[in-house]
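Chemist: My questions will all concern the structure given below.
Numbering (my numbering), first residue to last: 24 to 136.
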């Protein structure tokens with residue numbers, strides 16, 4: 024296995040892995056979904072960092088193809104990445120990531136907890 028490079032996020036607010044506190048995403052990259060499409064304790068992000076994508080283990084969620092993502096440092100399962108979005112979607116796009124928010128902590132200032 025190669026060397027691990029972890030990208031730090033200095034912009035607040037952001038989310039970190041609940042297990043190892045590795046930076047995952049800036050909250051300004053979180054999509055604001057309409058109430059009929061939003062899921063409780065789930066956030067959809069345009070950009071994430073420090074995640075490992077299981078490219079060859081795709082599966083179907085409804086009409087969409089997704090794959091699991093994990094924290095690059097501790098291996099905690101964080102959610103899934105949309106590989107192929109099917110249909111007339113105005114919000115979801117290929118490459119967006121769905122994060123289970125209970126697997127993260129929100130950091131409001133530049134200091135880690």
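All residues carry an ideal CB built from backbone N, CA and C; glycine is no exception.
Buried or exposed: residue 68, going by 16 or more other Cβ atoms within 10 Å of its Cβ?
Modeler: Its Cβ being crowded by 16 or more others within 10 Å, residue 68 is buried.
Chemist: Here's the rule: buried if 16 or more other CB atoms are within 10 angstroms of the residue's CB, otherwise exposed. What is residue 37?
Modeler: Counting Cβ neighbours within 10 Å, residue 37 comes out buried, since at least 16 surround it.
Chemist: Could you say which of 90, 123, 41 lies nearest to residue 76 if we only look at CA atoms?
Modeler: Closest option to residue 76, Cα to Cα, is 90.
Chemist: When you compare each of 88, 103, 35, 107 to residue 128 by their alpha carbons, which one comes out closest?
Modeler: Looking at the Cα atoms, 35 is the closest of the given residues.
Chemist: What is the residue span of the beta strand (DSSP E) that residue 35 lies within?
Modeler: Per DSSP, residue 35 belongs to no beta strand (DSSP E) and is neither H nor E.
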